[in-house]
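Here the structure comes first, spelled out in structure tokens, and everything after it is commentary.
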Amino acid sequence: MSADIFALLVKSTGQTLYMVAVAGLIGSLFGIPLGVFLATSGRGELFAAPSVNKVLGLVVNAARSTPFIILVVAIIPFTRLIAGTSIGTTAAIVPLTIATIPFIARLVESAIREVDPGLTEAARAMGASPAQIVFKVLLAEARPGITSALTLTIVSLIGYSAMVGAVGGGGLGDLGIRYGYQRFMPDVMAIVVLVLIVLVQLVQSAGDRLARRFDKRIRPR
Amino acid sequence: MMMTVVTRKTGEAAGTAAGDGLTAAADPMVAFEGVSKRFAAGRTSAEVAALDGVDLIVPRGSVTGIIGRSGAGKSTLIRLVNGLEKPTSGRVVVDGVNIAELDEKRLRDVRRSIGMIFQHFNLLSSRTAFDNIALPLEIAGVDRQTIEKRVTPLLDLVGLSDKRNRYPSELSGGQKQRIGIARALATEPKLLLSDEATSALDPETTRSILALLKTINKELGLTVLLITHEMEVIKTIADHVAVIDGGRIVEQGPTFDVFTGHTHATTRSLLGGLAGLHLPEFLTRQMVEKPEPGLRTILRIIFKGENATEPMLARLGSDLGIEVNIMAGAVDEIAGRPFGMLVVSLLADEAKIVQARSFLADHGLSSEVVGYVR
């Protein structure tokens with residue numbers, strides 16, 4: 001492997017990490033609160049707003065059922081509005097983030113729903129405000145589940161980021177397509193795949209370890 | 222020999238249980254006044270009445286128990302006290318404040334003065350024993366130093382100082398409930414609500430938890446309101462009891478009086494195995510309702526601890542010349558006072574039976590004729 005290819009590989013890995021990190025961060029910033037709201041706004045729940053809950057649920061489902069590559073193209077005007085351009089790594093972060101928010105929201109929603117309703121009742125009986133219930137009970141108790149949700153999100157983001165080569169986003173996937181496939185360089189393809197596998201493996205095991213540390217429900221051996 | 226036990230225990234136990242109830246009744250800790258609660262049943266307009274015109278008094282400083290079968294409305298009733306449920310009509314007055322008319326903000330303040338424990342403990346799995354007890358204090362905005370000063374003695378009180386940094390998953394059921402109790406006491410409440418707190422525990426653990434609740438009631442002067450379906454719980458610690466059935470309170474008062482008086486059908490069926498209330502099968506099989514010459518009279522004698530029965534039975538024989546046979550009997554303890562029933566058969570004519578009963582009544586023993594056998 002030539003030094004040029006190696007430099008490309010390093011650059012592409014950097015781009016992938018950059019896109020995944022920023023999209024993951026901003027996606028969590030919006031996705032986690034949305035997930036909490038989805039889990040607590042049903043009929044008779046903490047922030048009961050059944051009609052808002054229903055509308056948001058529909059929006060989330062719509063966003064999740066749009067194939068990512070179509071989403072990337074479809075929201076180009078919005079991307080240009082936010083990033084100033086629709087081409088390049090930074091621009092690619094916009095569709096990645098948009099796809100991440102509903103993804104995280106649904107995962108966080110189910111993690112919060114796993115929390116025993118008895119705990120919410122106990123907190124209400126103590127005189128906790130809705131905000132205190134969210135932060136001291138729901139988020140604290142759902143922490144292992146949310147950690148797993150974020151791990152899954154990052155792994156999915158690594159996969160999604162391979163598609164944004166279509167809008168000049170760069171990254172490992174783009175390198176694999178342009179050099180490995182279009183220029184018939186199977187060794188580059190193999191290395192790209194290998195780096196992706198290692199990345200996903202690292203993220204997954206770090207996430208699992210963290211989730212296990214947060215989870216006090218099982219008796220430690 | 223049963224009887225001697227009865228006489229000895231009478232003196233010390235009688236006064237304490239009966240005393241506080243009467244004086245406190247004028248200014249109760251909790252009063253339900255004509256409280257009804259209906260729930261919408263599904264999407265249809267039909268409603269289900271969980272509680273129907275409940276009037277209930279929880280005397281200050283008492284341990285008041287509400288007993289009923291599942292579905293009788295117990296859970297709804299206890300949740301009305303701290304406003305987790307709102308009544309459809311009526312007033313729920315806690316320490317002079319009508320809970321039903323408070324807004325959320327003021328309700329939260331009131332809740333901080335009412336502790337609650339639960340059947341499934343409801344401890345946060347992500348917090349240690351210490352941090353679970355600290356939770357209500359954090360919610361009330363108490364600073365870390367004060368929390369430390371409050372929680373440590375509470376761990377001591379419930380006997381789990383060594384489990385301070387353990388997570389709930391590392392504790393047994395009884396230990397979890399002790400942490401639950403410590404948590405409920407953290408804000409120094411004036412009232413403790415117990416929602417089937419021992420129903421998920423084995424009999425031995427149940428006894429130790431009940432003993433702890435009794436200690437707290439006595440030493441901290443905390444009023445305890447508990448709901449249960451277990452008669453054992455009521456008998457062991459409640460000095461006041463209310464029996465609930467189909468959303469209505471069918472009987473209430475000092476536990477000893479309710480359980481030993483002419484009890485309501487629901488109370489009787491809940492009492493179930495309580496000493497001597499059920500006649501043994503061999504007796505009921507051959508029993509007839511009408512007296513005939515030559516039949517033996519079956520008499521149930523109820524002694525409430527104050528009177529020795531043995532010499533009385535002996536004197537029925539010596540003074541009145543009546544032959545007494547003991548058929549069944551048992552002694553139990555209710556609210557710390559001995560209570561027993563003795564089923565005897567007497568071979569005597571009607572006049573003699575009347576004489577015998579008035580003799581027993583003169584000595585403070587009530588009796589009833591339950592039937593006749595050959």
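Sequence order for the protein chains is A and B. First residue of the first sequence: 1, per the working numbering; consecutive thereafter. First residue of the second sequence: 222, per the working numbering; consecutive thereafter. Where a beta carbon is used, it is the ideal one built from N, C-alpha and C, also for glycine.
| Query | Result |
| --- | --- |
| Is residue 330 (chain B) close to chain A? Criterion is C-beta to C-beta, closer than 8 Å. | yes |
| What does residue 11 (chain A) reach in chain B if we use C-beta pairs closer than 7 Å? | What residue 11 (chain A) touches in chain B: nothing, since even the nearest Cβ is about 42 Å away. |
| Between B:564, B:336 and B:376, which lies nearest to residue 552 (chain B) when the distance is taken from Cα to Cα? | B:564 |
| Could you check the C-alpha separation between residue 118 (chain A) and residue 110 (chain A) for me, to the nearest Å? | 17 Å |
| What does DSSP give as the partner residue(s) for residue 286 (chain B) in the beta ladder? | B:447 and B:462 |
| What does a CB cutoff of less than 8 Å around residue 544 (chain B) pick up in its chain, not counting 5 residues either side in sequence? | 538, 567, 568 and 569 |
| For residue 222 (chain A) and chain B, any beta-carbon pair shorter than 8 Å? | Any property of residue 222 (chain A) remains undetermined from this structure, which presents chain A solely from 1 to 221. |
| Identify the contact partners of residue 293 (chain B) in chain A, using a Cβ-Cβ distance below 9 Å as the criterion. | Those within 9 Å of residue 293 (chain B) in chain A number zero; the least Cβ separation is about 20 Å. |
| According to DSSP, which residues form a beta bridge with residue 215 (chain A)? | Note: residue 215 (chain A) sits in no beta bridge, so no partner. |
| For residue 118 (chain A), go through chain B and note every residue whose CB falls closer than 8 Å to its CB, in chain order. | 339, 341 and 343 |
| If you draw a straight line from the C-alpha of residue 356 (chain B) to the C-alpha of residue 208 (chain A), how long is it? | 28 Å |
| Examine chain B for any beta-carbon lying closer than 8 Å to the beta-carbon of residue 109 (chain A), and answer yes or no. | no |
| My understanding is that residue 27 (chain A) touches residue 101 (chain A), with C-beta atoms under 8 Å, so please give their C-beta distance in whole angstroms. | 5 Å |
| Can you find at least 3 beta carbon pairs, one from the region 273-289 of chain B and one from the region 202-217 of chain A, that sit closer than 8 Å? | no |
| By the 9 Å beta-carbon criterion, what residues does the region 32-53 of chain A contribute toward chain B? | none |
| Using only the alpha-carbon positions, how far apart do residue 405 (chain B) and residue 335 (chain B) sit? | 8 Å |
| I'd like the span of the beta strand (DSSP E) that includes residue 273 (chain B), first residue to last. | 268-279 |
| Grab the span of the alpha helix (DSSP H) containing residue 326 (chain B) for me, first residue to last. | 325-332 |
| In or out: residue 271 (chain B) buried (at least 16 other Cβ within 10 Å) or exposed? | buried |
| Starting from the beta carbon of residue 137 (chain A), find every residue of chain B whose beta carbon is closer than 7 Å, and list them in chain order. | 345 |
| Please classify residue 244 (chain B) as buried or exposed, where buried requires at least 16 neighbouring CB atoms within 10 angstroms. | Reliability of the predicted coordinates at residue 244 (chain B) is poor, the pLDDT of 45 falling under 50, and the value obtained from them is presented with this limitation in mind. Its Cβ having fewer than 16 others within 10 Å, residue 244 (chain B) is exposed. |
| Roughly how many angstroms lie between the CA atoms of residue 156 (chain A) and residue 105 (chain A), to the nearest whole one? | 14 Å |
| Return yes when the Cβ of residue 97 (chain A) is within less than 8 Å of the Cβ of residue 91 (chain A), no when it is not. | no |
| Compare the Cα-Cα distances from residue 347 (chain B) to each of A:45, A:138, A:164 and A:80 and report the closest residue. | A:138 |
| Identify the continuous alpha helix (DSSP H) that holds residue 524 (chain B) and give its terminal residues. | Counting along the chain, residue 524 (chain B) falls outside any alpha helix (DSSP H), though it belongs to the beta strand (DSSP E) covering 517-524. |
| Does the Cβ-Cβ distance between residue 379 (chain B) and residue 413 (chain B) come in under 8 Å? | no |
| Give the DSSP-derived three-state secondary structure of residue 423 (chain B) in the structure shown. | coil |
| Can you give me the start and stop residues for the beta strand (DSSP E) that residue 258 (chain B) sits inside? | 251-261 |
| Comparing C-alpha positions only, which one of A:125, A:55, A:161 and A:5 sits nearest to residue 328 (chain B)? | A:125 |
| Flag this pair as yes or no: are the beta carbons of residue 163 (chain A) and residue 69 (chain A) separated by less than 8 Å? | yes |
| With DSSP as the reference, label residue 204 (chain A) as helix, strand or coil. | helix |
| Output the residue ranges of the alpha helix (DSSP H) runs that lie fully inside the region 130-186 of chain A and measure 4 residues or longer, sorted by chain position. | 143-161 and 172-175 |
| DSSP three-state call for residue 398 (chain B): helix, strand or coil? | helix |
| Against chain A, which members of the region 353-365 of chain B pass a CB distance test of less than 8 Å? | 356, 357, 359, 360 and 361 |
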